[in-house]
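Chemist:
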Amino acid sequence: MAETSRVLSSAPGDARSRPAQVLRWLLFSDYLVLALTLVYVAALSFFVPEILSPTNLRDIFLQILPLFIAALGLMMVLMVAQIDLSATSIMAMGCVVGASIMTSEGGYLSAQPWAPAVAILAIVVVGVLIGVINGVCTIVFDMPSFLVTLTTMMFFSGAAIWYTAAHTSSGSSIGSLPPAFLEIGYGGVAGIPYAAMITVVLAIVVHLLLTRTVFGRWVMAVGLNPKAAAISGVPVQAVVIGCFAISGLFAAFAAIIYTARLEAGTPILGQRILLDVIGAAVIGGVSLFGGKGTVIGVLLGVLFLSAVDNGLQLLGLSLSSVYAIKGGVILLAAVTDAIRHNVMARG
Amino acid sequence: MSRLDSRTLVLMLLRFAPLILFALLCLAFGALSDRFLSLANFRNILTQSTHVAVMAIGMTFVLLVRGVDLSVGSVMYLVAVVMGLYLSDVSLFVSIPAIMVIGAAFGAINAALITGLRIAPFIVTLATLFIGRGLALYLSETKMVFQSDTVQALGRASFFGVPWAIWIAIVVAAVAWITLTQTPYGRQIYAVGADPDSAGKAGIRVQAITFSVFCICSVCAAIGALISASQVGAASATFGYQEEFPVIAAAVLGGTSLFGGRGGVFGSIFGAVLVQTTSNGLVMLNANPYLYPLVNSVIIFIAAWVDGRRRLMTERIEQRKIRIEA
Amino acid sequence: MSELLLKISGLNKSFFGVQVLRDVGFELTSGAVLGLVGENGSGKSTTMNILGGVLTRDSGRVELAGVDVAPSNSRDALALGIAFIHQELSLFPNLSVEENIFLDHFPRRMHGLPFIDRRALREQAKKALDLIDLQVAPATPVMRLPQGERQLVEIAKALTRQARLIIFDEPTTSLTARETERLFEIIGRLRAQGIAIIYISHILGDVLRLCDDIVVLRDGRVVGEGPRADFTIERLVTLMVGRSIDRLFPEREPAPGTNSAALSVRKVSQPGVVKDVSFDLRLGEMLGVSGLMGSGRSELARILFGLDPYSEGEIRVGEHTLSPLSPREAMDKGLAFLTEDRRGEGLMMEASIANNIVLPSLVERSSGFMHWLKPAALGQAARDVAERVRVNAKAIDRTAVRTLSGGNQQKVVIAKWLLRAPTIFILDEPTRGIDVGAKYEVYKIINQMVAGGAAILFISSEIEELIGMADRIMVMGRGEVRGFFERTNFDREAIMKAALWD
Chain A
36 MAETSRVLSS APGDARSRPA QVLRWLLFSD YLVLALTLVY VAALSFFVPE ILSPTNLRDI
96 FLQILPLFIA ALGLMMVLMV AQIDLSATSI MAMGCVVGAS IMTSEGGYLS AQPWAPAVAI
156 LAIVVVGVLI GVINGVCTIV FDMPSFLVTL TTMMFFSGAA IWYTAAHTSS GSSIGSLPPA
216 FLEIGYGGVA GIPYAAMITV VLAIVVHLLL TRTVFGRWVM AVGLNPKAAA ISGVPVQAVV
276 IGCFAISGLF AAFAAIIYTA RLEAGTPILG QRILLDVIGA AVIGGVSLFG GKGTVIGVLL
336 GVLFLSAVDN GLQLLGLSLS SVYAIKGGVI LLAAVTDAIR HNVMARG
Chain B
61 MSRLDSRTLV LMLLRFAPLI LFALLCLAFG ALSDRFLSLA NFRNILTQST HVAVMAIGMT
121 FVLLVRGVDL SVGSVMYLVA VVMGLYLSDV SLFVSIPAIM VIGAAFGAIN AALITGLRIA
181 PFIVTLATLF IGRGLALYLS ETKMVFQSDT VQALGRASFF GVPWAIWIAI VVAAVAWITL
241 TQTPYGRQIY AVGADPDSAG KAGIRVQAIT FSVFCICSVC AAIGALISAS QVGAASATFG
301 YQEEFPVIAA AVLGGTSLFG GRGGVFGSIF GAVLVQTTSN GLVMLNANPY LYPLVNSVII
361 FIAAWVDGRR RLMTERIEQR KIRIEA
Chain C
23 MSELLLKISG LNKSFFGVQV LRDVGFELTS GAVLGLVGEN GSGKSTTMNI LGGVLTRDSG
83 RVELAGVDVA PSNSRDALAL GIAFIHQELS LFPNLSVEEN IFLDHFPRRM HGLPFIDRRA
143 LREQAKKALD LIDLQVAPAT PVMRLPQGER QLVEIAKALT RQARLIIFDE PTTSLTARET
203 ERLFEIIGRL RAQGIAIIYI SHILGDVLRL CDDIVVLRDG RVVGEGPRAD FTIERLVTLM
263 VGRSIDRLFP EREPAPGTNS AALSVRKVSQ PGVVKDVSFD LRLGEMLGVS GLMGSGRSEL
323 ARILFGLDPY SEGEIRVGEH TLSPLSPREA MDKGLAFLTE DRRGEGLMME ASIANNIVLP
383 SLVERSSGFM HWLKPAALGQ AARDVAERVR VNAKAIDRTA VRTLSGGNQQ KVVIAKWLLR
443 APTIFILDEP TRGIDVGAKY EVYKIINQMV AGGAAILFIS SEIEELIGMA DRIMVMGRGE
503 VRGFFERTNF DREAIMKAAL WD
């Protein structure tokens with residue numbers, strides 16, 4: 036691998052390094068992922084033409100939305116050179132808490148007209164709260180973020196199961212959610228799904244936050260050099276806690292959409308998408324070394340991962356193989372990120 | 061001077077926090093359940109904690125050089141599946157070396173990515189966690205994989221009245237202890253963990269050492285799989301699932317730092333017993349099984365918190381003073 | 023006994039086109055102590071790093087006992103019998119004394135087996151520790167030893183490798199007086215055993231006491247060489263500072279000296295760092311701070327800017343008392359701080375010049391409840407200030423700081439604070455590691471700021487620079503203020519003595 040990076044970093048103008056230059060350009064291009072997605076879909080369409088059918092494309096589109104939201108949240112944490120593995124448990128916890136409030140079968144506010152609103156608020160509060168816990172433990176108590184968030188992941192996954200069991204007789208899920216809430220899942224206005232509107236709004240908000248506000252610049256500064264940031268007057272601790280809180284908030288938004296689609300609050304919500312969230316962010320060019328990430332990159336990452344997912348399912352691969360392949364894709368993304376970083380460091 | 065003393069006191073407290081926790085747990089469980097404080101149950105706890113202890117010993121090697129390995133649970137499942145599906149007809153003298161080779165190979169892949177490309181260990185091992193489990197699920201077709209009679213017999217057999225599992229753990233612990241304390245290699249592991257840059261300048265082969273500890277960790281995970289599979293007799297699709305949690309918790313509770321350079325074999329064994337005592341106590345109390353992950357995560361959280369505090373304290377005491385009163 | 027051990031001749035070395043060693047040469051016999059003195063940047067460290075295998079030379083010869091040698095790393099050097107004891111010790115606090123001594127050559131049990139022979143280890147370690155008279159159990163963790171004893175452990179390590187030549191780089195900076203005495207006694211003992219010593223230190227009294235011969239370096243040249251009897255402290259200082267570099271500093275009008283105090287520091291203390299530091303800094307004044315590494319000058323700067331805590335005293339800006347540990351408040355009151363570690367604390371190396379420049383000014387240049395930014399206006403502001411300090415780069419919004427030269431990087435750090443129009447600017451080693459031309463430009467920018475009415479705290483280890491620039495110089499040593507010098511009676515030698523004497 037060292038060999039590859041040496042080739043990639045060879046001086047421009049060297050006649051022999053023309054292919055290396057192309058490789059280097061590809062490596063750093065933002066649209067590498069898009070190109071890969073198109074190539075993948077095109078190649079796959081020979082074996083399973085259904086992949087290009089309008090229904091399937093619509094499926095992929097709808098599938099992308101909540102994943103994109105969660106990945107945007109994770110991006111904020113990666114930007115400050117930390118990691119958040121707890122998104123899935125935030126979703127599970129938020130989902131069951133929200134459902135327990137608005138379900139018509141013995142919910143706290145069953146059949147009240149404003150129950151969905153309160154439930155949504157509760158989901159958001161759960162997400163932000165867990166995010167803040169993650170952030171405080173990481174930056175104030177000086178614990179490694181991967182361990183903190185692994186712990187909260189385990190804790191709240193367990194807590195969600197326990198909470199569900201305590202609120203239902205069947206024990207597996209909380210159903211009978213109000214129709215107004217379920218509209219969020221697949222409903223829409225003039226053919227545009229609500230979920231899509233929420234996603235677009237959130238994506239624009241993150242984009243503006245990162246490029247047009249002081250907070251966005253601070254996030255970048257903390258990710259690139261926390262010491263220099265502190266000396267320049269950046270409240271480093273608050274910024275890191277804020278990023279974890281945003282990650283929690285966005286996981287909560289994703290949970291709202293997923294819950295509305297499943298029409299039930301279930302503690303296993305999101306269990307399978309941890310890899311997708313991390314994978315999408317890292318493939319989308321968000322650096323694990325901090326300070327680097329864009330909304331459009333994450334979108335492309337989500338697109339790629341969803342296309343892979345969909346293609347593998349259409350090919351009829353078992354869930355376990357899909358798992359293994361996704362793990363491989365993340366590894367590949369991390370390898371690319373590391374090579375980029377090494378090439379940059381050498382200049 | 062008095063300030064220094066109070067700091068040293070807090071450090072001592074932090075150091076013995078796991079012991080205090082252990083005593084409190086024993087007291088609480090003992091008060092709530094009359095079966096808990098019995099010799100038979102203690103023997104039970106020891107036997108049940110062997111696989112975690114062996115894996116925690118392996119994890120200790122990785123943590124000592126500031127790494128972490130999240131893939132141990134997947135290695136465990138992969139090894140159990142391979143053992144049940146393909147090694148059921150051969151003798152243990154063939155199958156045990158074979159699974160150790162599988163473990164070493166898995167560890168070598170982790171290590172190559174971590175040392176070769178300098179990718180963060182947690183992300184590499186998180187990816188191989190999924191790859192390993194996916195591969196194993198593919199092999200097992202998500203069905204229950206039963207172990208051969210010889211393996212199951214190993215789980216039941218005793219030697220001098222002590223279960224085989226404990227003998228295996230003793231051997232692993234002895235080898236690990238000798239390696240860490242009695243060989244140049246072991247001492248150099250500690251040096252790398254304390255300060256990789258200085259270690260490199262002192263002529264220690266940092267990369268080679270980092271590579272090797274990940275292999276050792278995966279080999280230990282393979283041995284843990286053997287022990288656990290022999291006790292359970294079969295591997296379901298959730299065999300070894302999230303087993304990295306108790307393993308890391310055991311090592312850190314035993315005094316091994318997540319920041320490298322400190323820790324040891326006996327601490328990790330103690331940590332494994334502590335973790336198992338908790339699970340056992342909850343079973344004795346007929347606690348709601350949903351509570352297990354909650355309690356386990358609280359324990360790992362306490363371990364990590366104590367470790368973080370201890371590092372901060374030590375750093376402050378260690379900090380170089382500029383102005384020296386003669 | 024006194025055969026020639028080391029002969030260095032015609033040594034040249036340059037970094038990025040700047041020549042740092044010019045034809046350096048000297049000799050050393052075994053059983054002798056050679057003192058190497060010179061200001062920071064005079065070439066001492068470079069010479070020793072070549073000898074210790076850390077750097078390679080451009081040209082010249084190094085002969086060890088008549089054989090040409092060229093160690094390419096510290097292992098090589100050690101094998102040749104050259105041990106280098108750095109200022110920052112390379113011990114592992116979590117290992118024991120004996121393990122640290124033998125870390126890369128443990129005695130092994132039986133031949134070829136990878137087990138440590140603990141008994142042999144203990145005996146050999148004990149023997150090495152006896153040689154240097156260190157009465158600690160070899161199994162003690164290094165963590166438990168005070169700094170001075172750790173230094174001795176390093177020496178024991180060198181002795182077990184049969185070192186013929188031991189280089190000490192500023193060994194006494196973190197030692198107490200008693201520990202220093204002990205070190206000298208041991209160096210005397212090593213000399214009696216026929217080991218040659220090179221002793222580098224700023225503390226000239228020590229050098230004169232300890233060394234048989236002295237070599238003085240200045241600007242990469244040997245400017246004085248001879249037996250100890252040839253030198254006095256006065257002569258050493260004169261040789262070290264030279265007399266010919268006055269024109270390196272731009273002209274400026276001296277401050278009127280009647281302005282009100284911008285920054286008042288009263289009895290600021292922090293145990294182990296600084297003690298009873300008091301001074302006033304007036305608007306339009308440039309106060310130089312002189313002192314050796316470890317004198318507390320950089321630590322004082324960090325305390326003033328609210329980055330490090332202090333236990334007693336008061337820091338006032340005008341009528342306002344600054345709260346401790348709040349860089350934000352310090353900035354709001356008009357303070358700015360250029361740190362000595364440009365790469366580690368001053369800049370985001372991967373970010374663009376513009377992004378670096380605007381970082382401290384974002385809040386003030388944003389509007390609305392979300393702290394909205396106007397990228398165009400920000401970019402323009404960054405361009406203006408970059409132009410003012412003449413940052414040499416084409417597109418400041420696309421060029422990463424990493425690609426700039428040291429001097430240009432420093433200008434970016436200055437620019438990022440200038441954008442805030444600070445009234446009190448703390449500069450910690452603003453010209454370290456940048457070339458002469460860039461230095462001159464940095465001096466000019468600083469002078470413009472003072473002329474504009476700002477107050478400057480100029481910290482530097484180069485006395486020449488302070489004499490050329492400052493209105494007043496405050497000398498620090500061991501965390502305390504040793505004295506003040508007015509511009510009218512600036513005297514290099516007096517200043518250096520104040521900083522050096524204990």
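Residue numbers (our numbering), protein chains in the order written: chain A, 36 to 382; chain B, 61 to 386; chain C, 23 to 524.
C-beta: ideal position from N, C-alpha, C; glycine also.
Between the beta-carbon of Val114/B and the beta-carbon of Gly284/B, is there less than 8 Å?
Modeler: A contact, by the Cβ cut-off of 8 Å.
Chemist: So what does DSSP say about Gln41/C, is it helix, strand or coil?
Modeler: Strand.
Chemist: From what residue to what residue does the beta strand (DSSP E) around Lys66/C run?
Modeler: Element bounds for Lys66/C: not the beta strand (DSSP E) but the alpha helix (DSSP H), 66–73.
Chemist: Here's a check: name, in chain order, each residue in its chain whose Cβ is nearer than 8 Å to the Cβ of Ser266/C, leaving out the five neighbours to either side.
Modeler: Only weak support is given to the placement of Ser266/C: the predicted model assigns it a pLDDT of 47, under 50, and the value that follows is read from those uncertain coordinates. Taken in chain order, the list of residues that qualify is empty.
Chemist: Does the beta carbon of Thr239/B sit closer than 8 Å to a beta carbon anywhere in chain A?
Modeler: No - not a single Cβ of chain A is within 8 Å of the one on Thr239/B.
Chemist: Measuring only the C-alpha atoms, how far is Phe305/B from Ile239/A?
Modeler: Each residue's alpha carbon lies about 38 Å from the other.
Chemist: Comparing the C-beta of Leu334/A with each C-beta of chain C, is any distance below 8 Å?
Modeler: It does not: the Cβ of Leu334/A has no partner Cβ on chain C nearer than 8 Å.
Chemist: Label Ser94/C either buried or exposed according to how many other C-beta atoms from any shown protein chain fall within 10 Å of its C-beta, with 16 as the threshold for buried.
Modeler: Exposed, by the Cβ-count rule.
Chemist: Does any CB atom of chain C fall closer than 8 Å to the CB of Gly263/B?
Modeler: Gly263/B counts as touching chain C.
Chemist: Going by alpha carbons, who is nearest to Pro228/A out of Arg53/A, Ala122/A, Val364/A, Asp94/A?
Modeler: Nearest C-alpha to Pro228/A: Asp94/A.
Chemist: For Val385/C, which residues in chain A fall below 9 Å Cβ to Cβ?
Modeler: Residues of chain A passing the Cβ test: Val249, Gly268.
Chemist: Where in the segment 167–211 of chain A do unbroken runs of the alpha helix (DSSP H), each at least 4 residues long, occur, reported from the N-terminal end onward?
Modeler: Correct list: 180–202.
Chemist: Quick one: list the residues of chain B neighbouring Leu310/A, beta-carbon separation under 9 Å, in chain order.
Modeler: What Leu310/A touches in chain B: Leu186, Ala187, Phe190.
Chemist: Pull up the distance between the alpha-carbon of Pro397/C and that of Val269/A, whole angstroms please.
Modeler: C-alpha separation (whole angstroms): 19 Å.
Chemist: Determine the extent of the beta strand (DSSP E) in which Arg178/B is found, giving its start and end residues.
Modeler: Arg178/B -> no beta strand (DSSP E), and no H or E assigned at all.
Chemist: Which residues in the same chain have their Cβ closer than 8 Å to the Cβ of Asp268/C, if we skip the five residues on either side of it in sequence?
Modeler: Model confidence at Asp268/C stands at a pLDDT of 47, short of 50, so the residue's coordinates are unreliable; what they give is reported in the following sentence. Here the set comprises Gly490.
Chemist: Mind checking if Pro261/A is an interface residue toward chain B, Cβ cutoff 8 Å exclusive?
Modeler: Output row for Pro261/A: interface = no.
Chemist: What do you reckon, are the CB atoms on Ile478/C and Leu357/C nearer than 8 Å?
Modeler: No, these two residues do not count as a Cβ contact at 8 Å.
Chemist: Along chain A, which residues have their Cβ under 9 Å away from the Cβ of His393/C?
Modeler: Those are Thr248, Val249, Phe250, listed as they occur along chain A.
Chemist: Is it buried or exposed, Gln402/C, if we count other Cβ atoms within 10 angstroms and call 16 or more buried?
Modeler: Looking at its Cβ environment, which holds fewer than 16 other Cβ atoms inside 10 Å, Gln402/C is exposed.
Chemist: The alpha helix (DSSP H) spanning Lys519/C covers which residue range?
Modeler: Residues 514–522.
Chemist: Let me see if you follow: with CB-CB separation under 8 Å, is Glu334/C close to chain B or not?
Modeler: Output row for Glu334/C: interface = no.
Chemist: What residues in the segment 341–360 of chain C have a beta carbon less than 8 Å from any beta carbon of chain A?
Modeler: Listed in sequence order: Pro349, Arg350, Met353, Phe359.
Chemist: Under a CB-based cut-off of 8 Å, is Ile267/C close to chain B?
Modeler: Because Ile267/C carries a pLDDT of 46, less than 50, the predicted location of this residue cannot be relied on, and no value is offered for it.
Chemist: Are the CB atoms of Met110/A and Val333/A within a distance shorter than 8 Å?
Modeler: It is a contact, given that the beta carbons lie within the stated cut-off.
Chemist: Would Ser131/B and Thr175/B qualify as a contact pair, given that the criterion is a beta-carbon distance under 8 Å?
Modeler: Not a contact, by the Cβ cut-off of 8 Å.
Chemist: Who are Thr343/C's beta bridge partners in DSSP?
Modeler: Thr343/C pairs with Arg338/C.
Chemist: Between the segment 513–522 of chain C and the segment 326–346 of chain C, do three or more beta carbon pairs fall short of 8 Å?
Modeler: Touching, no, given that fewer than three Cβ pairs across the two stretches are closer than 8 Å.
Chemist: Just to confirm before moving on: does the CB-CB distance between Val273/B and Val122/B stay below 8 Å?
Modeler: Yes, they are a contact pair.
Chemist: Cβ of Met255/A less than 8 Å from any chain C Cβ?
Modeler: Met255/A counts as touching chain C.
Chemist: Could you give the first and the last residue of the continuous beta strand (DSSP E) run that contains Met188/C?
Modeler: The identity of residue 188/C in the sequence shown is Ile, whereas the question assumes Met. It spans 187–191 - the beta strand (DSSP E) in which Ile188/C sits, taken as one unbroken run.
Chemist: Compare the C-alpha of Ile379/C against each of Pro452/C, Arg240/C, Ile225/C, Ala437/C and name the closest.
Modeler: Cα-wise, what sits closest to Ile379/C is Ala437/C.
Chemist: With C-beta atoms as the reference, is Ile174/A less than 8 Å away from Phe191/A?
Modeler: Not closer than 8 Å, so no.
Chemist: Taking the runs of the beta strand (DSSP E) that are 3 residues or longer, which of them lie wholly in the segment 286–351 of chain A?
Modeler: The segment 286–351 of chain A contains no whole beta strand (DSSP E) run of 3 or more residues.
Chemist: Is Thr162/C near the ligand FMN, going by C-beta to nearest heavy atom under 7 Å?
Modeler: As far as ligands go, the structure on display features none, and thus does not contain the ligand FMN.
Chemist: Looking at Val241/A: is its Cβ nearer than 8 Å to the Cβ of Val330/A?
Modeler: Yes, they are a contact pair.
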